[in-house]
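For the sequence shown, my numbering gives the first residue as 3, with consecutive numbering after it.
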Amino acid sequence: MADATENMVPETDVVEDHVPEEDAEPEDMNAALQQVLKRARCHKGLTRGLRETVKALDKKIAHLCVLAEDCNESAYTGLIEALCDEHGIDLIKVPEKKKLGEWVGLAKYDSAAQIRKVIGASCVAVTDYGEKSKALDMILGHFNH
3 MADATENMVP ETDVVEDHVP EEDAEPEDMN AALQQVLKRA RCHKGLTRGL RETVKALDKK
63 IAHLCVLAED CNESAYTGLI EALCDEHGID LIKVPEKKKL GEWVGLAKYD SAAQIRKVIG
123 ASCVAVTDYG EKSKALDMIL GHFNH
């Protein structure tokens with residue numbers, strides 16, 4: 003009977019030379035926002051949709067709110083803007099709710115990792131940024147924090 007050590011594959015150390023995309027300097031505000039939202043989603047610090055976002059804004063646990071400009075309901079945008087203004091919460095507007103939905107994980111992918119369906123998100127709130135990053139510094143610098 004052969005030893006178990008004969009069938010073992012020797013371990014090799016793998017050294018990665020590339021910089022992860024989360025630590026890279028974002029090109030613009032949208033890229034920085036996308037990275038911040040992705041990191042917040044990983045740390046379970048993201049609320050999506052009107053009901054969850056209004057709850058987070060009203061309880062003052064949100065640090066940042068993102069609102070889609072193409073939202074066609076004026077009462078909806080008025081409520082979010084008023085709550086952010088009343089509680090002193092930073093508000094960023096993005097052009098498309100489909101893009102915002104994709105950034106916060108409301109997209110379905112096929113087996114080839116291509117986007118198959120995206121559910122739009124008119125507003126999201128960040129309750130936990132997660133780890134500090136260059137993208138977060140860019141966002142906070144935009145608001146002079």
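By construction, the Cβ of each residue, glycine as well, lies at the ideal position given by its N, Cα and C atoms.
Skipping 5 residues on each side, what residues in its chain have a beta carbon closer than 6 angstroms to that of C125?
Scanning its chain for C-beta atoms nearer than 6 angstroms, with the 5 sequence neighbours on each side dropped, one finds around C125 the residues T55, L69 and I82, in chain order.
Length at least 4, wholly inside the segment 35-120: the alpha helix (DSSP H) runs in chain order:
Correct list: 52-60, 76-89 and 99-105.
G132 beta carbon less than 8 angstroms from that of G51:
With contacts defined by Cβ atoms closer than 8 angstroms, G51 and G132 do not form a contacting pair.
With H, G and I counted as helix, E and B as strand and the rest as coil, what does DSSP make of A127?
When DSSP states are grouped into helix, strand and coil, A127 belongs to the strand group.
Is the segment 132-142 touching the segment 27-41 in the sense that three or more CB pairs, one from each, lie closer than 8 angstroms?
The segment 27-41 makes contact with the segment 132-142, as at least three CB pairs between them are under 8 angstroms.
Rounded distance between the beta-carbons of V106 and A64, thought under 8 angstroms:
That pair is no contact at about 14 angstroms.
Any idea if Q36 is buried or exposed, counting beta-carbon neighbours within 10 angstroms, 16 or more meaning buried?
The residue in question, Q36, is buried, as its Cβ has 16 or more Cβ neighbours within 10 Å.
Would you kindly work out how many angstroms separate the C-alpha atoms of K119 and L138, rounded to a whole number?
Distance between the alpha carbons of K119 and L138 is about 28 angstroms.
Leaving out five residues on either side along the sequence, give the residues of the same chain with a beta carbon under 7 angstroms from the beta carbon of K62.
Take K62, set aside five residues on each side of it, and the residues of its chain with a beta-carbon closer than 7 angstroms to its own are H89, in chain order.
Once the 5 residues before and after L66 are set aside, which same chain residues still bring their CB inside 6 angstroms of it?
Cβ neighbours of L66 beyond the five flanking positions: D92 and V128.
Output the boundary residues of the alpha helix (DSSP H) element that contains K136.
From DSSP, the alpha helix (DSSP H) with K136 extends over K136 to H144.
Cβ pair E98, I117 closer than 8 angstroms:
In terms of Cβ geometry, E98 and I117 do not form a close pair [threshold 8 angstroms].
Grouping DSSP H, G and I as helix and E and B as strand, with all else coil, what is E29?
Reduced to three states, the DSSP call for E29 is coil.
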